[in-house]
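Novice:
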Amino acid sequence: MDGFRLAGALLRCLNPETAHRLTLWGLGRGWAPVVQAADDSLLHTRLWGRDFSNPLGLAAGFDKDARAMGPLLALGFGFVEVGTITPRPQAGNPRPRVFRLAEDAAVINRIGFAGGGMDMAAARLRAWRDAGGPGLGGGLVGVNLGKNRDSPDAPADYAAVAGALAPYADYLVINVSSPNTPGLRALQDRRALERIVEAVAGAVSKALPRRGPPLLVKIAPDLTAADQADIAAVALSGAVQGLIISNTTVARPADLRGRHRVQAGGLSGRPLFASSTAVLSDMYRLTRGKVPLIGVGGIASATDAYAKVRAGASLLQLYTALVYQGPALIPAIKDGLAQALRRDGFATLTDAVGADHR
Ligand SMILES: Cc1cc2nc3c(=O)[nH]c(=O)nc-3n(C[C@H](O)[C@H](O)[C@H](O)COP(=O)(O)O)c2cc1C
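For the sequence shown, position 168 (counting from the first letter as 1) is numbered 151 according to my numbering, and the numbering increases by one without interruption.
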């Protein structure tokens, strides 16, 4: 067993939040593998005027406060999404609030946007950019925006974080799909969403009058067909430039085995794969392949990653599988995905996006 595998096995003996804190601490000290190999050119993709050397990203929630972008990108990710970041610092829900369901290769969390707030994140992102961070071929950083739990004015909150962080973001995400902030998912309703998008777009063009980063919306896997159609209409109107599909689910599949399956919160990992991929496929169809989609939910192998691409994902993200398989999973997925594309005769990743619909 190599050192990182051993570290992973030890970390899984600790409670999940302690393990996570230690992991971030270790990453900050350089205790992490650095992937030296250049990405296979088949995996390169260009979206929103930005070059992704590979399509695999780290999903939001791992680096909530923008503490470890450099070391995380060095693990081999093509991009890292930091956040969710709220205007003011907040503590989140009482602990324990993160639970491993090892038998199901899943996690349930109800953290509820704990973090240091936008000023702290802005200072870290600014320092990172000033040090020559992403955007210089070293990988890209997206910023996931949220609202404070006690804020009555959602559009104002999203706009405040967007205005503060747009200068440092390769893309921005309006997160209206976490299950752990009361009322948040209701913001996926068409009128509510349009108000937020308008406020965020206004704040971004004020902060960066010439050229702001693209704006994405992250959606839940638990939407009705009517909600899906509304969100597709907003995306097709050109108000947002992409969708992230999906966040965690409030559903509890009947075959979950982990003893924590009764805990409240959002379920991620293997049990989320089928439903999040089905919604990805629906949204690809509803947006007629015209809107770039980021596929996330239960990716734990190259086969899973390839299935998301064929269902309509231009980019991919993961989080939970990293908890169980460690950072060796990242090069394994990239290698396997490139192999699958070659085997099926695709000259580029982009050619394979949505292949199952043709
Ligand atoms: C512990 C934990 C915290 C998360 N926090 C956030 C968050 O702050 N914002 C967000 O948009 N998604 C958050 N997510 C959801 C992930 O970004 C992702 O959408 C979801 O876990 C599905 O991917 P996975 O099955 O690969 O984990 C979190 C997930 C986990 C497991």
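Glycine included, every Cβ here is placed at the ideal spot set by N, Cα and C. Computed from a predicted model, the values in this text were never measured in an experiment.
Under the DSSP definition of a beta bridge, which residues are partnered with V124?
Specialist: Counting from one through the sequence shown, the residue named residue 124 turns up at place 141. Bridge partners of V124: V63.
Novice: T67: beta carbon under 7 Å from a heavy atom of ligand 1?
Specialist: By 1-based counting over the sequence shown, the position of residue 67 is 84. Yes, the beta carbon of T67 sits closer than 7 Å to at least one heavy atom of ligand 1.
Novice: Mind checking T207: buried by the 16 CB within 10 Å criterion, or exposed?
Specialist: Locating residue 207 in the sequence shown gives position 224, where the first residue counts as 1. Counting Cβ neighbours within 10 Å, T207 comes out exposed, since fewer than 16 surround it.
Novice: So, is the C-beta of V279 closer than 8 Å to a C-beta in chain B?
Specialist: Going by chain labels, chain B is absent from the structure shown, which holds only one protein chain.
Novice: Around the C-beta of H340, are 16 or more other C-beta atoms found within 10 angstroms, so that it is buried, or is it exposed?
Specialist: Within the sequence shown, residue 340 is the residue found at index 357, counting from 1. Exposed, because fewer than 16 other Cβ atoms sit within 10 Å of the Cβ of H340.
Novice: Any chance you could list the alpha helix (DSSP H) runs of at least 4 consecutive residues sitting entirely within the stretch 37 to 105, in chain order?
Specialist: List check, alpha helix (DSSP H) in window: 52 to 57.
Novice: Secondary structure at S160, three-state DSSP: helix, strand or coil?
Specialist: On the sequence shown, residue 160 is found 177 positions in, with the first residue counted as 1. The answer is coil: DSSP assigns S160 none of H, G, I, E or B.
Novice: Would G120 be called buried (16 or more neighbouring beta carbons within 10 Å of its own) or exposed?
Specialist: Position 137 of the sequence shown, counting from 1, holds the residue named residue 120. With a pLDDT of 42 at G120, under the threshold of 50, the modelled position of this residue cannot be trusted; read the value that follows with caution. Under this definition G120 is an exposed residue.
Novice: Give me the residue from D172, Q211, P54 with the minimum Cα distance to L263.
Specialist: By one-based count along the sequence shown, residue 263 stands at place 280. Looking at the Cα atoms, Q211 is the closest of the given residues.
Novice: Here's the rule I'm using: 16 or more other beta-carbon atoms within 10 Å means buried, otherwise exposed. How should T286 be labelled?
Specialist: Locating residue 286 in the sequence shown gives position 303, where the first residue counts as 1. With fewer than 16 other Cβ atoms within 10 Å, it is exposed.
Novice: Would you mind working out which of G185, L108, R174 sits nearest H152, comparing C-alpha positions?
Specialist: Locating residue 152 in the sequence shown gives position 169, counting from the first residue. It is worth fixing the name first, because residue 152 is Ala in this sequence and not His. Minimum Cα distance to A152 is reached at L108.
Novice: Leaving out five residues on either side along the sequence, give the residues of the same chain with a beta carbon under 6 Å from the beta carbon of G118.
Specialist: Position 135 of the sequence shown, counted from the start, is the residue given in the question as residue 118. The predicted model places G118 with a pLDDT of 46, which falls under 50 and marks its position as unreliable; any figure quoted below should be read in that light. For G118, where only same-chain residues beyond five positions count, there are no Cβ hits under 6 Å.
Novice: Considering Cα atoms alone, identify which of D22, R326, A88, D(-15) is closest to R242.
Specialist: Within the sequence shown, the letter at position 259 stands for residue 242. Closest by alpha carbon: A88.
Novice: Going by the beta-carbon positions, is the gap between Q308 and V279 smaller than 8 Å?
Specialist: Residue numbering aside, residue 308 sits at position 325 when the sequence shown is read from its first letter. Residue numbering aside, residue 279 sits at position 296 when the sequence shown is read from its first letter. Their beta carbons are not under 8 Å apart, which means Q308 does not touch V279 by this criterion.
Novice: Taking all protein chains shown into account, decide if W111 is buried (16 or more other Cβ within 10 angstroms of its Cβ) or exposed.
Specialist: Along the sequence shown, read from residue 1 onward, the residue named residue 111 stands at position 128. Per the 10 Å Cβ criterion, buried.
Novice: The alpha helix (DSSP H) spanning L176 covers which residue range?
Specialist: Locating residue 176 in the sequence shown gives position 193, counting from the first residue. Start and end: 173 to 190.
Novice: Between which two residues does the beta strand (DSSP E) containing L199 stretch?
Specialist: Numbered from 1 along the sequence shown, position 216 holds the residue referred to as residue 199. Taken as a continuous stretch (DSSP letters only), the beta strand (DSSP E) holding L199 covers 198 to 202.
Novice: CA-CA distance, A323 and Y289?
Specialist: Residue 323 sits at position 340 when you count from the first residue of the sequence shown. Residue 289 sits at position 306 when you count from the first residue of the sequence shown. Spanning the two alpha carbons is a distance of roughly 7 Å.
Novice: When the Cβ atoms of the stretch 249 to 258 are set against those of the stretch 223 to 240, are three or more pairs found closer than 8 Å?
Specialist: Yes, the stretch 249 to 258 is in contact with the stretch 223 to 240.
Novice: Where does the unbroken beta strand (DSSP E) through F401 begin, and where does it stop?
Specialist: There is no way to answer for residue 401, as the model of the chain reaches only from -16 to 341.
Novice: Rounded C-beta distance between A49 and V65? I'm assuming under 8 Å.
Specialist: Numbered from its first residue, the sequence shown carries residue 49 at position 66. Numbered from its first residue, the sequence shown carries residue 65 at position 82. At roughly 4 Å, the Cβ-Cβ gap stays under 8 Å, so A49 and V65 are in contact.
Novice: How big is the Cα-Cα spacing for L167 and P135?
Specialist: Here residue 167 is taken as the residue at index 184 of the sequence shown, counted from 1. Here residue 135 is taken as the residue at index 152 of the sequence shown, counted from 1. Each residue's alpha carbon lies about 11 Å from the other.
Novice: Residue range of the alpha helix (DSSP H) that S258 falls in?
Specialist: Within the sequence shown, numbered from 1, the residue matching residue 258 stands at position 275. 256 to 269 is the span of the alpha helix (DSSP H), which, as asked, contains S258.
Novice: May I ask you to report which of helix, strand or coil DSSP gives L(-3)?
Specialist: Residue numbering aside, residue -3 sits at position 14 when the sequence shown is read from its first letter. Residue state, collapsed to three classes: coil.
Novice: Considering only heavy atoms of ligand 1, does any lie closer than 7 Å to the CB of T303?
Specialist: One-based indexing of the sequence shown puts residue 303 at position 320. For ligand 1, at least one heavy atom lies less than 7 Å from the Cβ of T303.
Novice: Where does V81 land, buried or exposed, given buried means 16+ other C-beta within 10 angstroms?
Specialist: If you number the sequence shown from 1, residue 81 lands on position 98. When all chains shown are included, V81 counts as buried.
Novice: According to DSSP, is V292 part of a helix, a strand, or is it coil?
Specialist: Looking up residue 292 in the sequence shown gives position 309. Helix at V292.
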